[in-house]
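Worksheet for the structure shown next.
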Amino acid sequence: MVYLDYAATSPLLPEVIKAMHEAEQKYFANASALHTPGHLSMNKIEETRELLAKLINADLDEIIFTSGASESNNTVIRTFENHEIITSPLEHHSIIESAKELGGNKKPTLYSYMYANNEIGELLLTEDIVKEAHTKGGYIHSDLTQALGKVQLDVKALDLDYATFSAHKIGGPIGVGALYVRKGLPFKPLIIGGNQEKHRRGSTYNTVGIIGFDAALKYVLKNETWKVYNTKIRKLRDILAERILAEIPGSSLNTDLNNSLPNILNASFEAAEGESIQLYLDAEGIIVSTGSACASGDIKPSHVLMAKTGDAEVAHSSIRFSFGLDNTEKDIEKVMEVLPKVIDRLQKISTVERRTK
Ligand SMILES: Cc1ncc(COP(=O)(O)O)c(C=O)c1O
Numbered sequence: 001m002v003y004l005d006y007a008a009t010s011p012l013l014p015e016v017i018k019a020m021h022e023a024e025q026k027y028f029a030n031a032s033a034l035h036t037p038g039h040l041s042m043n044k045i046e047e048t049r050e051l052l053a054k055l056i057n058a059d060l061d062e063i064i065f066t067s068g069a070s071e072s073n074n075t076v077i078r079t080f081e082n083h084e085i086i087t088s089p090l091e092h093h094s095i096i097e098s099a100k101e102l103g104g105n106k107k108p109t110l111y112s113y114m115y116a117n118n119e120i121g122e123l124l125l126t127e128d129i130v131k132e133a134h135t136k137g138g139y140i141h142s143d144l145t146q147a148l149g150k151v152q153l154d155v156k157a158l159d160l161d162y163a164t165f166s167a168h169k170i171g172g173p174i175g176v177g178a179l180y181v182r183k184g185l186p187f188k189p190l191i192i193g194g195n196q197e198k199h200r201r202g203s204t205y206n207t208v209g210i211i212g213f214d215a216a217l218k219y220v221l222k223n224e225t226w227k228v229y230n231t232k233i234r235k236l237r238d239i240l241a242e243r244i245l246a247e248i249p250g251s252s253l254n255t256d257l258n259n260s261l262p263n264i265l266n267a268s269f270e271a272a273e274g275e276s277i278q279l280y281l282d283a284e285g286i287i288v289s290t291g292s293a294c295a296s297g298d299i300k301p302s303h304v305l306m307a308k309t310g311d312a313e314v315a316h317s318s319i320r321f322s323f324g325l326d327n328t329e330k331d332i333e334k335v336m337e338v339l340p341k342v343i344d345r346l347q348k349i350s351t352v353e354r355r356t357k
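Once you know that position 105 of the sequence shown is 105 in my numbering, the rest is easy, because the numbers rise by one and skip nothing.
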């Protein structure tokens, strides 16, 4: 199988599987309990907190463990309920939908700009936005989900007030994430009714999941994965982009190769429907996605591609290739053996006219 859907989720790293398997037997106790097994569980959670804090340059009590990026995003927006919320139109649904529902006109304003978009990889968090938020007396939140492990992150250098993380995009388990909250800033828990995380997030600790997150973070730090992404993976991604444009008539890129994460490539293919391309590739063992996996099953064109291109046809004919550290040149060969034939077949049977010939 050629797996090119790492931005949707990444397979568990072997180190993560081992750590979680061990944890299920050794660290089963409720981490809030005062007995010895409880303390042992809590120690592992605190080790993970230290590791994440070190990786992103935060203080320990600035990190709250959550069930993932969606929860972290929802928590920040809920904190600013009835406030003015300014976001980029390319944010994840967990920001867009909750801002729509909860936003108002109270001040201070919350700005929420993801570091990098999950569908096209575009880098969205700029120094200017951070400065604007602060000079206007507001706060800045950034969803760092896709950026973690792909670029070096320092929440202090970025001058962020809130930041969101998820374990499953870096080889950790689904259902674990974190929220960075700069010391002393407004915070309202989303889940109340428990004293965990210093009363900031109720619910029994997901010790095994957090230990899995720990193993994935260790892998990121040990291998300085951001360097590998920026060299080996960027090269692979760029080769695929170049070959698609050269070898497939009617193809175009939705990703700006010079202003994107190194592992995401989104392309459109005239007169070929994204879902059909995906299914034909799947039948040949090539796994990709159309737009965002979170939005699949939804027949509306991707909000990200619509915001970028304003063109439903481009959005409906798009495919996202997202790379992980295991991908090789052989994978690109396989894609380019199959993809041109798939597109040709779909274009021939399409009722939609190709715009360029
Ligand atoms: C940018 C971004 N934010 C949030 C999420 C949601 O993450 P989680 O599955 O941890 O809730 C995702 C992944 O789907 C994402 O790519």
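C-beta: ideal position from N, C-alpha, C; glycine also.
Beta-carbon spacing of residue i, residue j below 8 Å
i: residue 121; j: residue 264; result: yes
i: residue 255; j: residue 188; result: no
i: residue 110; j: residue 116; result: no
i: residue 385; j: residue 239; result: As displayed, the chain neither begins before 1 nor continues past 357, which places residue 385 out of reach and without an answer.
i: residue 165; j: residue 69; result: yes
i: residue 325; j: residue 233; result: yes
i: residue 147; j: residue 66; result: no
i: residue 261; j: residue 332; result: no
i: residue 63; j: residue 180; result: yes
i: residue 153; j: residue 130; result: no
i: residue 241; j: residue 155; result: no
i: residue 352; j: residue 320; result: no
i: residue 250; j: residue 354; result: yes
i: residue 190; j: residue 97; result: no
Nonlocal neighbours in the same chain, by C-beta distance under 6 Å from residue i, ignoring five residues either side
i: residue 76; result: 141, 162
i: residue 315; result: 301, 302, 305, 306
i: residue 209; result: 173, 175, 176
i: residue 1; result: 285
i: residue 133; result: 111, 140
i: residue 337; result: none
i: residue 341; result: none
i: residue 149; result: 170, 220, 225
Buried or exposed by the 16-neighbour rule on C-beta atoms within 10 Å, applied to residue i
i: residue 184; result: exposed
i: residue 349; result: exposed
i: residue 5; result: buried
i: residue 143; result: buried
i: residue 74; result: buried
i: residue 44; result: buried
i: residue 33; result: exposed
i: residue 327; result: buried
i: residue 46; result: exposed
i: residue 329; result: exposed
i: residue 231; result: exposed
i: residue 135; result: exposed
i: residue 281; result: buried
7 Å Cβ shell around residue i - same chain, five flanking residues per side excluded
i: residue 193; result: 202
i: residue 275; result: 290
i: residue 186; result: 79
i: residue 126; result: none
i: residue 356; result: 250, 270
i: residue 335; result: 2, 240, 286
i: residue 259; result: 122, 123
CA nearest to the CA of residue i, picked from the options
i: residue 207; options: 20, 156, 303, 35; result: 20
i: residue 226; options: 302, 151, 277, 284; result: 151
i: residue 270; options: 343, 131, 279; result: 343
i: residue 119; options: 331, 306, 345; result: 306
i: residue 322; options: 84, 231, 266; result: 266
i: residue 18; options: 113, 251, 61, 215; result: 215
i: residue 347; options: 334, 273, 198; result: 273
i: residue 15; options: 356, 211, 336, 85; result: 211
i: residue 138; options: 86, 125, 145; result: 86
i: residue 61; options: 355, 182, 356; result: 182
i: residue 160; options: 252, 114, 190; result: 114
i: residue 317; options: 195, 282, 277, 328; result: 277
i: residue 224; options: 55, 253, 40; result: 55
i: residue 42; options: 196, 145, 105; result: 196
i: residue 252; options: 341, 268, 258; result: 268
i: residue 145; options: 105, 128, 95; result: 95
Cut-off 8 Å between Cβ atoms - residues of its own chain near residue i, not counting five sequence neighbours on either side
i: residue 35; result: 29
i: residue 107; result: 83, 84, 137, 138
i: residue 52; result: 58, 63, 165, 178, 213, 217
i: residue 40; result: 26, 27, 29
>> I want to know whether the region 5-20 touches the region 167-176 - three or more CB-CB distances under 8 Å.
In response: yes
>> Across the region 189-203 and the region 88-101, are there enough close Cβ pairs to call them in contact, namely three or more that are closer than 8 Å?
In response: no
> Are the region 93-104 and the region 219-227 in contact at 8 Å, needing three or more beta carbon pairs?
Replying inline: no
>> Is it the case that the region 14-34 contacts the region 304-313, given that we only count it when at least three CB pairs across the two stretches are under 8 Å?
In response: no
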